[in-house]
Amino acid sequence: MIALLRRDLALALRSGGGFGLSLAFFLIVVMFVPFGVGPDSTTLALIAPGILWIGALLACLLSLDRIFQLDYEDGSLDLLATSPLPLEGIVVMKALAHWLTTGLPLTLAAPLLGFLLNLPDAAYLWVFLSLLVGTPALSCLGAFGAAITVGLKRGGLLLSLLVLPLYIPTLIFGAQSVVLVVRGLDNQTAFVILAAISLFTFALVPFAAARALKVNLK
Amino acid sequence: MQFEARNLSCRRGDLRVLSGLSFTLGPGQALILRGPNGSGKTTLLRTLAGLARPETGEVIAPEDSIAYAGHADGLKGQLTVAENLTFWADVFGHAGIDNAMDTFDLRPLATRQAQNLSAGQKRRLGLARMLVTARAIWLMDEPTVSLDRANVKVFAGMIEAHLAAGGIAVLATHIDLGLPAAAEFDIAPYRARPDDTGNPFLDEAFA
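Residue numbers (our numbering), protein chains in the order written: chain A, 42 to 259; chain B, 397 to 603.
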């Protein structure tokens, strides 16, 4: 299974792998906000956590259809399905590769971009932590959506529509973990629920996604 | 070891393609599937491989013994020939790719990216993948497409060696490989009747 992870990382990093796409999109969204909202620094500080979370979520959404679609098109998904690897394991490795090439870079970039939005000092740590804990849930849920839509031509739209409602709880509690700190309140509950969402999806999604793949490979 | 299909019915989408198909293969035996385009060879192979569920009947084979090769080779264009093979060797837990590289004379291409290979070279790489799976039952769909004559001979030799080592193969192909151990299997008699969709509502609609 490690071989699959290594291959997916190598493919993402080589030319045409789309590694920088999400990160560039995130950068563009966050950079445009001060121009659109205006340079008032108190307004920016107020909306900064929400913008960072929404930006990360949309950037994540952008690369979801690559999780299974490319392997489906070139036939490797059929071959993987007949290999000794369990489908659930394939889903976990694919989601992990997606997180390492999308969620993790976004998490690392977010505090730097927070600077552009006049993010309050106390919030930097929590932007980083909430994204670190929350983005794995985004990748997992995304892998589920990608597994459901894998056989469809131009399935990207359907994938987004399927996944967006699933993303809402993660977005609410992820953004709240930062917003509450900005307001000077205790964010423990929101952060713990965010962690619970991540663990819950990680435990459940591989099985659901494996079933969906099985149906779609017919 | 035995590979057996018992009273199989296969379905592709809403259409039943084949029904009542049975065969048994022992070590060293091969089956060449014959039938015109669209007669259900691919559907049958996918069902045998476990990618599609049979509508009725069953496929009996030892666990984790089947290697499948479809129309698409499953190659990654950005990876080199050696990297592609090594990946599949790792996935199937097989030690080396040397034998596979030598069989199809892939050494001169080892460091070339798969996207820069010709169609025939890609196919050779796809076929070499079967060797690194180290599995006993090979299911192959049109394996000789885009191979030149010399490489068709190499491929026939590879199948012969596989059978001699106690392997089993089911191939869908239109050309004659000259394999003494292979039986031809015409699937046309097992074709489901056009009205035999298995869906009573559809039957009524077209009655």
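By construction, the Cβ of each residue, glycine as well, lies at the ideal position given by its N, Cα and C atoms.
Within chain B, the residues placing a beta-carbon under 8 angstroms from that of A:Thr123 are Ala445, Gly446, Leu447, Ile462, Ala463, Tyr464, ordered along the chain.
Uninterrupted beta strand (DSSP E) stretches at least 3 residues long and entirely within the segment 424-502 of chain B occur at 426-430, 452-456, 462-465, given in chain order.
Distances from the CA of A:Thr148 to each of A:Leu158, A:Asp49, A:Leu160, A:Gly175 were compared; the closest alpha carbon is that of A:Gly175. The C-alpha of B:Met554 is placed about 18 angstroms away from the C-alpha of B:His490. Taking the beta carbon of B:Phe500 as reference, no residue of chain A falls within 7 angstroms; the closest one sits roughly 17 angstroms away. Residues of chain A whose Cβ lies closer than 7 angstroms to the Cβ of B:Gly489 are, in chain order, Pro125.
Under the 8 angstroms criterion on CB atoms, A:Asp106 is classed as non-interfacial with respect to chain B. A:Ala136 does not reach chain B, its nearest Cβ partner there being about 18 angstroms away, counting only Cβ pairs nearer than 9 angstroms.
Taking 8 angstroms as the CB threshold, A:Arg48 lines the interface with chain B.
Three or more Cβ pairs closer than 8 angstroms define a contact, and the segment 176-194 of chain A falls short of that threshold against the segment 152-161 of chain A. DSSP, read as helix, strand or coil, puts B:Val541 in coil.
Remark: C-beta atoms of B:Leu427 and B:Phe419 approach each other more closely than 8 angstroms.
Contact between B:Asp460 and A:Pro146 is ruled out by a C-beta separation of about 37 angstroms, above the 8 angstroms threshold. Residue contact with chain A for B:Gly492: absent (no Cβ-Cβ distance below 8 angstroms to any residue of chain A). CA-CA distance, A:Thr242 to B:Gly436, rounds to 40 angstroms. Within chain B, the C-beta atoms nearer than 9 angstroms to that of A:Lys259 come from Arg407, Arg408, Gly409, Arg442, Leu447, Ala448, Arg449, in chain order. The continuous beta strand (DSSP E) containing B:Arg412 extends over residues 411-421.
Look at the segment 185-252 of chain A and you find these whole runs of alpha helix (DSSP H), each 4 residues long or longer: 197-223. As DSSP reads the structure, B:Leu567 sits in a beta bridge with B:Ile428, B:Met536. Residue-level contact check: B:Asp572 does not touch chain A, since none of the beta carbons of chain A fall below 8 angstroms from its beta carbon. Under the 8 angstroms criterion on CB atoms, B:Ala468 is classed as interfacial with respect to chain A. Using a Cβ-Cβ cut-off of 8 angstroms, A:Gly130 does not count as an interface residue toward chain B, since no Cβ of chain B sits closer than that to its own. By the Cβ criterion, the segment 475-484 of chain B is not in contact with the segment 552-567 of chain B, since fewer than three pairs of Cβ atoms, one from each stretch, lie closer than 8 angstroms. Within the segment 109-123 of chain A, contact with chain B at the beta-carbon level (separation under 9 angstroms) is assigned to Leu111, Asp112, Glu114, Asp115, Gly116, Ser117, Leu118, Asp119, Leu120, Leu121, Ala122, Thr123. Put simply, the segment 217-233 of chain A does not touch the segment 99-112 of chain A. Fewer than three CB pairs are less than 8 angstroms apart. The beta carbon of B:Asp486 falls within 8 angstroms of a beta carbon belonging to chain A, placing the residue at that interface. Around the Cβ of A:His139, a 10 Å sphere holds 16 or more other Cβ atoms; the residue is buried.
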